[in-house]
Amino acid sequence: MKDVDSSPPAIDVRLFSSLREQVGCGSVAVIVEGPMTVDELLRRLADEHRAVQAFLSCIRVAVNQEYVGESHVVGPGDEVALITPVSGG
Amino acid sequence: MKDVDSSPPAIDVRLFSSLREQVGCGSVAVIVEGPMTVDELLRRLADEHRAVQAFLSCIRVAVNQEYVGESHVVGPGDEVALITPVSGG
Amino acid sequence: MEELRTDRRWIRIQEAPLDVAPASDFLRVEEAGGIDLFLGTTRRWTDGRETVQLEYECYESMAVSELDRLLDEAADRWPLSRACILHRTGAVPLREISVVVGVSTPHRDAAFGACRYLIDELKRRVPIWKKERFADGTTDWVEGERPPLTDG
Amino acid sequence: MEELRTDRRWIRIQEAPLDVAPASDFLRVEEAGGIDLFLGTTRRWTDGRETVQLEYECYESMAVSELDRLLDEAADRWPLSRACILHRTGAVPLREISVVVGVSTPHRDAAFGACRYLIDELKRRVPIWKKERFADGTTDWVEGERPPLTDG
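Residue numbers (our numbering), protein chains in the order written: chain S, 1 to 89; chain L, 1 to 89; chain F, 1 to 152; chain G, 1 to 152.
Pasting the structure below:
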């Protein structure tokens, strides 16, 4: 028999700047059944949030404070962030 | 009739750094009969001072705080300086 | 505030005003003969529009990690004696400093090369965003270059 | 001490220690977005020889004039908001600053370009000489590049 959690496993995805303002929140939770690629995660988020859809062509994804490629696999416990074009300096 | 000065007209030539130390003085006087070119002035100084001779190939001459070419004409009253290769910064 | 400081490098993200003197003091070491410091400041006019302040948002933990990686890359290419990158967050009024990038090296060629590399890469990669607040009351998130996704 | 100061440029030759903060304060103006500052400092080791201090001699009146001409040239090539060149004379101990070259410009490209141009030309043309005093008691006048005589 498996353990049953009170809440389904989720990845918290952090948002910043324009994307944060448009979504209206500094992070969104994505419920996951198991490990998924960054590409799959982005598509899920784009389906749920028009703002993510609009930025899709220029978002870079960071996992655990480091940029990763589309095929990188993420799961619950990872710190994921969507990085729109930066403008520090 | 001409006025007769108590001392013959001379150009004071300022020296710096290595050249100043080798000549042993911060300036040398060159007695001049009339206007002369920088080239002539340098030859006169080189004849009188071995240190000037040794630096001759790399000395630049400044007149009134500005670099001038070999054919520039100088006379009494001008501020002349011999500039060996500089190393500020 | 988030900071990473070792003997040779100093990275700091802070809300408080930035000053150049602590950076210069950190960089001046016996083995260095040249220091290049770049300061970014809030400019009033851009393409005829009047800015009243810039507002910086930062993903601080990642910014420090990414800046540390940038300094690794610069140290591979140039003989850095010391290096520092300090970035301010929140509102930065006109004339005030948003970023200080500084490096000290034995000779000046490397100092200019490394400093330029660091500020260019910071503007490309480090997760910090600026919003311009204009005199007419409007605001704009500034978007930098849009690099393609690459495999990490 | 010899100094030339206008609204937009500041040239100064002084025996007293140099500090970066007054330069930064002078350069930070509303029309500038980028500042590049180069500092020259006394380095301890050069090709295995140990330096204890540098000693600078300067033909001050001409140095200020020549620096002013340099700033004219830089202003012709880059949109300088402000520029300063400060040089110390006499003994400069290890780690201390011998020269500060700084420019502020609307964008950073020009700041880096102009600052590099100014320090390179200063080292070529401005009548200042450094003597190295080594740990073994010997001294050496440093000779820079040897440019050919050119007319005017």
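All C-beta atoms in this analysis are idealised placements derived from N, C-alpha and C, irrespective of residue type, glycine included.
Beta-carbon proximity check, residue i vs residue j, cutoff 8 Å
| i | j | result |
| --- | --- | --- |
| Arg12/G | Leu122/G | no |
| Asp78/S | Ile31/S | no |
| Val103/G | Ala83/G | yes |
| Val61/S | Val68/S | yes |
| Val100/G | Leu18/G | yes |
| Glu96/G | Glu2/G | no |
| Ala23/G | Leu37/G | yes |
| Val52/G | Arg133/G | yes |
| Thr42/F | Ser98/F | yes |
| Arg108/F | Gly48/F | no |
| Ala114/F | Ala74/F | yes |
Interface residues of chain L facing residue i [CB-CB closer than 9 Å]
| i | result |
| --- | --- |
| Val126/G | Val86, Gly88 and Gly89 |
| Gly137/G | The premise fails here: Gly137/G is roughly 17 Å from chain L at the closest Cβ pair, so nothing lies under 9 Å. |
Within chain F, the residues that residue i reaches when beta carbons sit closer than 7 Å
| i | result |
| --- | --- |
| Cys58/S | Arg146 |
| Ser46/S | The residue you asked about is not Ser; residue 46/S is Ala in the sequence shown. In chain order: nothing, as chain F lies at least about 14 Å away. |
| Ser17/S | Glu57, Trp129 and Trp141 |
Nearest candidate by alpha-carbon position, reference residue i, set the options
| i | options | result |
| --- | --- | --- |
| Pro85/S | Ser17/S, Ala10/S and Val13/S | Ser17/S |
| Glu143/F | Val13/S, Leu19/S, Leu42/S and Ser7/S | Leu19/S |
| Thr46/G | Glu31/F, Gln53/F, Val126/F and Arg9/F | Glu31/F |
| Asp25/G | Lys130/G, Leu54/G, Arg8/G and Gly90/G | Arg8/G |
| Ala158/G | Arg146/G, His107/G, Val92/G and Tyr117/G | Residue numbering for chain G in the displayed model covers 1 to 152; residue 158/G lies beyond these limits and cannot be assessed. |
| Pro40/G | Phe112/F, Arg77/F, Ala74/F and Arg133/F | Here residue 40/G turns out to be Gly, not Pro, going by the sequence shown. Among Phe112/F, Arg77/F, Ala74/F and Arg133/F, the Cα nearest to that of Gly40/G is on Phe112/F. |
| Pro35/S | Pro76/S, Val13/S and Phe55/S | Pro76/S |
| Gly89/L | Lys130/G, Thr138/G, Gly33/G and Gln14/G | Lys130/G |
| Glu145/G | Val13/L, Glu21/L and Ser57/L | Ser57/L |
| Trp141/G | Ile35/G, Thr105/G, Arg44/G and Tyr56/G | Tyr56/G |
| Gln14/F | Arg77/F, Thr138/F, Gly90/F and Thr105/F | Gly90/F |
| Ile104/S | Ala81/S, Arg44/S, Pro8/S and Ser71/S | Since the displayed chain S opens at 1 and closes at 89, residue 104/S lies outside it and no answer follows. |
| Asp68/G | Gly137/G, Ala110/G, Leu4/G and Arg44/G | Leu4/G |
| Ser71/L | Gln65/L, Ala54/L, Thr37/L and Glu21/L | Thr37/L |
| Thr138/F | Asp76/F, Arg88/F, Asp72/F and Leu54/F | Leu54/F |
| Pro9/L | Arg44/L, Asp47/L and Glu33/L | Glu33/L |
| Ile83/S | Tyr117/F, Trp10/F and Val126/F | Val126/F |
| Trp78/F | Ser65/F, Pro106/F, Ala110/F and Trp10/F | Ala110/F |
| Tyr117/G | Leu70/G, Thr6/G and Leu94/G | Leu70/G |
| Ala54/S | Asn64/S, Ser7/S, Val13/S and Val23/S | Val23/S |
| Ala46/L | Val13/L, Val63/L and Asn64/L | Val13/L |
| Thr6/G | Glu50/G, Arg44/G and Asp72/G | Asp72/G |
Inter-residue CB distance, residue i and residue j (contact presumed, cutoff 8 Å)
| i | j | result |
| --- | --- | --- |
| Ile119/F | Cys58/F | About 16 Å; that fails the 8 Å criterion. |
| His49/S | Val73/S | 22 Å between Cβ atoms; not a contact. |
| Leu41/S | Gly26/S | With a Cβ gap of about 17 Å, Leu41/S and Gly26/S do not count as contacting. |
| Glu66/S | Ser65/F | 7 Å |
Partner residues on chain F for residue i, Cβ-Cβ distance less than 8 Å
| i | result |
| --- | --- |
| Asp121/G | The question names Asp, yet the displayed sequence has Glu at residue 121/G. Here the premise fails: no neighbours, minimum Cβ distance about 13 Å. |
| Glu73/G | Neighbours of Glu73/G on chain F: none; closest Cβ ~19 Å, over 8 Å. |
| Ala62/S | Tyr59, Met62 and Pro127 |
Residue i: contacting residues in chain F (beta-carbon distance under 9 Å)
| i | result |
| --- | --- |
| Ala10/S | What Ala10/S touches in chain F: nothing, since even the nearest Cβ is about 20 Å away. |
| Ala118/S | The shown model of chain S, from 1 to 89, leaves out residue 118/S, and the question about it has no answer. |
| Trp45/G | Glu30, Glu31 and Pro106 |
Chain-ordered chain S contacts of residue i [CB-CB under 8 Å]
| i | result |
| --- | --- |
| Val99/F | Gly88 and Gly89 |
Interface partners of residue i on chain L, CB under 7 Å
| i | result |
| --- | --- |
| Val142/G | Ser87 |
| His87/G | Gly88 |
Partner residues on chain G for residue i, Cβ-Cβ distance less than 7 Å
| i | result |
| --- | --- |
| Val29/F | Arg95 |
| Arg43/L | Going along chain G, no residue has its Cβ under 7 Å from Arg43/L, so there is no contact; the nearest lies around 13 Å. |
| Arg116/F | Phe112 |
| Ala29/L | Neighbours of Ala29/L on chain G: none; closest Cβ ~18 Å, over 7 Å. |
Chain G residues whose Cβ lies nearer than 8 Å to that of residue i
| i | result |
| --- | --- |
| Arg14/L | Tyr59 |
9 Å Cβ cut-off: residues of chain S touching residue i
| i | result |
| --- | --- |
| Gly40/F | Gly88 and Gly89 |
Within chain G, partners of residue i - CB distance below 9 Å
| i | result |
| --- | --- |
| Ile35/F | Val20, Leu37, Phe38, Leu39, Gly40, Thr41 and Ile97 |
Contact set between residue i and chain L, taken where Cβ atoms lie within less than 8 Å
| i | result |
| --- | --- |
| Ser65/G | Gln65 and Glu66 |
Could you tell me which whole alpha helix (DSSP H) segments of length 4 or greater appear in the region 59 to 86 of chain F? Annotation: the region 59 to 86 of chain F contains the following complete segments of the alpha helix (DSSP H) (minimum length 4 residues), in chain order: 60 to 77.
Uninterrupted alpha helix (DSSP H) stretches inside the region 20 to 62 of chain G (no shorter than 4 residues): Complete alpha helix (DSSP H) runs here, min 4: 20 to 27.
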